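What follows is a single structure, written as structure tokens, with notes after it.
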Amino acid sequence: MFIARSEYGKPHPVPPMPLGPTTFSPEGRLFQVEYSLEAIKLGSTAIGVATSEGVILGVEKRVTSTLLEASSVEKIVEIDQHIGCAMSGLQADARNLVEHARVECQNHAFHYAEPLRVESTTQAICDLALRFGESGDDEESVMSRPFGVALLIAGHDEDGPQLYVMAFEHFHARLANLCLPFRYHAEPSGTFYRYDAKAIGSGSEGAQAELQNEYHRSLTLAEAETLVLKTLKQVMEEKLDSKNVQLASVTKENGFRIYNDEQMSQAVAQLGGNQ
131 MFIARSEYGK PHPVPPMPLG PTTFSPEGRL FQVEYSLEAI KLGSTAIGVA
181 TSEGVILGVE KRVTSTLLEA SSVEKIVEID QHIGCAMSGL QADARNLVEH
231 ARVECQNHAF HYAEPLRVES TTQAICDLAL RFGESGDDEE SVMSRPFGVA
281 LLIAGHDEDG PQLYVMAFEH FHARLANLCL PFRYHAEPSG TFYRYDAKAI
331 GSGSEGAQAE LQNEYHRSLT LAEAETLVLK TLKQVMEEKL DSKNVQLASV
381 TKENGFRIYN DEQMSQAVAQ LGGNQ
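Going by this note's numbering, the sequence shown opens with residue 131, and the numbers climb by one from there.
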């Protein structure tokens, strides 16, 4: 094949290089981070409400078959005696983040004989969430992609009851301030915020609008429980009952507690009586 004289010196077109998970596009976007947000949008709805008495977490449990044991669907887990979290997105990814947080809490308690602060626990989770992409031989193994999960982290320490959120919301606006503490919600990007009330997951848009209208700082813990259940009822496709929702609370007196079957039945029955 001969090249015409007129073609000498012309630059040959270069095929576009595939973008890795840590590579910015020419428009300044991280596509892998944006894709992980879509996984969260498909997740079940989770809601957290903070009061002066403590924090209530509530999550929709999608029981997809009558043969599925509802108690095996865990959407709320304990991190330490004073901290727990609710998840939306890929549960396997959430397990990695939760186990990392548990180790950090136990290491801190072992070395300093005191519980790890809620904000510091959230920071530790966000540090791991940032560690995705390729790593060198001298580094411990990290995720090859961003985590496809958002977490509502609730706890109580010397700063009182706190609700943090780790997720992808506002990622591009906050890119220069990763892991910035501000009324908290934690994201796969490593960003977290602090909130008085927050919803994540597939029904988060409608749930957040309801929380915006109904929340006030003088809420009691019992009123927060009712608000969480009422909001979940509005955004869930299935009829709300004690089997397809899960609740937990964290207070100074009792620490983090996941509701048992009897407590769930009472809470749902009380919601029906109030409406």
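Glycine included, every Cβ here is placed at the ideal spot set by N, Cα and C.
None of the values given here were measured: they were computed from a predicted structure.
Identify whether G331 lies in helix, strand or coil by the three-state DSSP scheme.
coil
Which residues bound the beta strand (DSSP E) around D223?
That residue, D223, is in no beta strand (DSSP E); its alpha helix (DSSP H) goes Q221 to Y242.
Suppose you measure from the CA of E249 to the CA of G402; what does that come to, to the nearest Å?
For E249 and G402, the gap between their C-alpha atoms comes out near 36 Å.
Using the Cα positions of D223 and A231, report the straight-line distance between them to the nearest angstrom.
13 Å
Simplified DSSP assignment, three categories, for M217:
strand
Distance, D287 Cα to N237 Cα:
17 Å
Closest to A280 by C-alpha separation, out of G385, G178, N343 and M394, would be which residue?
Of the candidates G385, G178, N343 and M394, the residue whose Cα lies closest to the Cα of A280 is G178.
Buried versus exposed call for Q396 [16 or more other C-beta atoms within 10 Å across all chains shown]:
Q396 comes out exposed.
Leaving out the 5 sequence neighbours to the left and right, which residues in its chain are closer than 6 Å to L293 when beta-carbon positions are compared?
G178, A180, V185, A284 and Y325
Which two residues bound the contiguous alpha helix (DSSP H) that contains D257?
V248 to L260
May I ask you to report which of helix, strand or coil DSSP gives V163?
helix
DSSP state of E355, grouped into three classes?
Three-state DSSP puts E355 in a helix.
Here's the rule: buried if 16 or more other CB atoms are within 10 angstroms of the residue's CB, otherwise exposed. What is D210?
buried
Should V295 be labelled buried (16 or more other beta-carbon atoms within 10 Å of its own) or exposed?
buried
Candidates S182, E355 and K373, of which the one nearest D289 by Cα:
S182
Spatially closest choice to F322 from G214, T251, K191 and A239, by CA coordinates
T251
Secondary structure at E340, three-state DSSP: helix, strand or coil?
helix
Where the beta strand (DSSP E) containing H286 begins and where it ends:
Where H286 is concerned, the enclosing beta strand (DSSP E) starts and stops at V279 to D287.
Spatially closest choice to R261 from E234, L227, L349 and A243, by CA coordinates
Nearest C-alpha to R261: L227.
Quick check: what's the CA-CA separation for N390 versus E340?
26 Å
On a CA-only basis, which of K382, H346, E383 and E367 is nearest V193? Give me that one, please.
The candidate whose alpha carbon is nearest that of V193 is E367.
Beta-carbon contacts of L359 that lie in its chain and below 6 Å, excluding the five residues immediately before and after:
L401
Could you please give the first and the last residue of the uninterrupted beta strand (DSSP E) stretch that includes Q211?
No beta strand (DSSP E) holds Q211; DSSP gives it neither H nor E.
So, are the CB atoms of S379 and T175 less than 8 Å apart?
Cβ atoms of S379 and T175: not closer than 8 Å.
Of all the options T196, K363 and L282, which has the alpha carbon lying nearest to the alpha carbon of C256?
L282
Exposed or buried, what is L198 when buried is set at 16 or more other beta-carbons lying within 10 Å of its beta-carbon?
exposed
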